[in-house]
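**Student:** Using my numbering, read the sequence shown as starting at 21 and increasing by one per residue. Yeah, the Cβ is synthetic: ideal placement off N, Cα and C, and Gly gets one too. Can you read through this structure? Questions will come right after.
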Amino acid sequence: MNEILEKSVFFGMFLTLLCYQIGLWVKKKAKCSIANPLLIASVLIIAALLVFQIDYQTYENGAKYIQYFLTPATVSLAVPLYRQLSVLKRYPRAIFGGIAAGVLTAMAGVFLLSLAFGLTHEQYMTLLPKSITTAIGMGISEKMGGIPAITVVSIVVTGICGAVLAEGVFKLLKIQEPVARGLAIGTGAHALGTSRAMELGEVEGAMSSLSIVVAGILTVAAVPVFAGLIP
């Protein structure tokens, strides 16, 4: 099986898109936040590789081409923000202050957990950029001595958890302001959370899109400071 698939350059891409489409179908039928397409696709891909005994490298040879769409997909999130510029102009201090608080909280949380569990500097730097978009997080991890592959996993897990739990947390804490909801999702769950924010409303989607960009910039600026805390 592997010999045949190794000759197919697009096997990984085909499997990924197929599983994601199945995830979208399940979400449409289930109509609940736990039925996240990315989560479903990840489970299906892992199951397929295990059942058919396909090694990861064979899958990755084709799936890697999907990564090329990460940057343009992130940039396209500026469109809903442009449509909501009036909201940004109305609450600039609250918006940027909220994003900054979210970034510092995420990084401080990783630092404290790293101390609690006795993580090495390499492990610490691997997890530090977990709350920003993959395109930026991988670069930070690689440059600062982390493990990019594990960083991607931590980013995906963070995003899925944010997308799945966001609405429930908002209801529990009675957070109804669209701006606050969007900022919380975007800062904590980056692009994956933003896809969920757009489902909640246009304002939520716009604020979440802004959070991705600002949180990424602030994280890049703050990483050198946090990096030295665990030698």
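1) Using 10 angstroms around the beta-carbon of Lys191, count the other beta-carbons present and answer buried if the total reaches 16, otherwise exposed.
2) Provide the residue span of the alpha helix (DSSP H) that contains Gln196, from first to last.
3) Nearest to Gly202 by alpha carbon, out of Ala61, Leu185, Ser231?
4) Please report the distance separating the alpha-carbon of Gly213 from that of Phe72.
5) Using alpha carbons as the reference points, say which of Ile74, Pro112, Lys49, Asn81 lies closest to Val234.
6) With DSSP collapsed to three states, give me the class of Thr153.
7) Under 8 angstroms by Cβ, that's how I've got Thr239 and Ile152 pegged, so tell me the actual separation to the nearest angstrom.
8) Using CA coordinates, which residue listed in Lys49, Ala200, Lys48, Gly43 is at the minimum distance from Leu59?
9) Which whole-angstrom value describes the C-beta separation of Arg103 and Glu224, a residue pair presumed to lie in contact below a C-beta threshold of 8 angstroms?
10) From this set, Ala68, Leu135, Met33, Gln77, which residue's C-alpha is nearest Arg251's C-alpha?
11) Counting C-beta neighbours from all protein chains within 10 Å, is the total for Tyr88 16 or more, i.e. buried, or is it exposed?
**Tutor:** Walking through what the data contain:
1) For the purposes of this step, residue 191 is identified with residue 171 of the sequence shown, where counting begins at 1. Exposed.
2) Position 176 of the sequence shown, counting from 1, holds the residue named residue 196. First-last for Gln196: undefined, no H or E at that position.
3) For the purposes of this step, residue 202 is taken as the residue at position 182 of the sequence shown. If we check each option's Cα against that of Gly202, Ser231 comes out closest.
4) Reading the sequence shown from its first residue, position 193 is the one you call residue 213. Reading the sequence shown from its first residue, position 52 is the one you call residue 72. Each residue's Cα considered, the two are about 32 angstroms apart.
5) Residue numbering aside, residue 234 sits at position 214 when the sequence shown is read from its first letter. Val234 has its Cα closest to that of Pro112, out of Ile74, Pro112, Lys49, Asn81.
6) If you number the sequence shown from 1, residue 153 lands on position 133. Thr153: coil per DSSP, three-state reduction.
7) Position 219 of the sequence shown, counted from the start, is the residue given in the question as residue 239. Position 132 of the sequence shown, counted from the start, is the residue given in the question as residue 152. Confirmed, about 5 angstroms.
8) If you number the sequence shown from 1, residue 59 lands on position 39. Comparing Cα-Cα distances from Leu59 to each of Lys49, Ala200, Lys48, Gly43, the minimum goes to Gly43.
9) Along the sequence shown, read from residue 1 onward, the residue named residue 103 stands at position 83. Along the sequence shown, read from residue 1 onward, the residue named residue 224 stands at position 204. That pair is no contact at about 13 angstroms.
10) For this step, residue 251 is matched to residue 231 along the sequence shown. In the sequence as presented, Arg is not what sits at residue 251; that position holds Pro. When only C-alpha atoms are compared, the closest one is Leu135.
11) Taking the sequence shown and counting its residues from 1, one reaches residue 88 at position 68. So Tyr88 counts as exposed.
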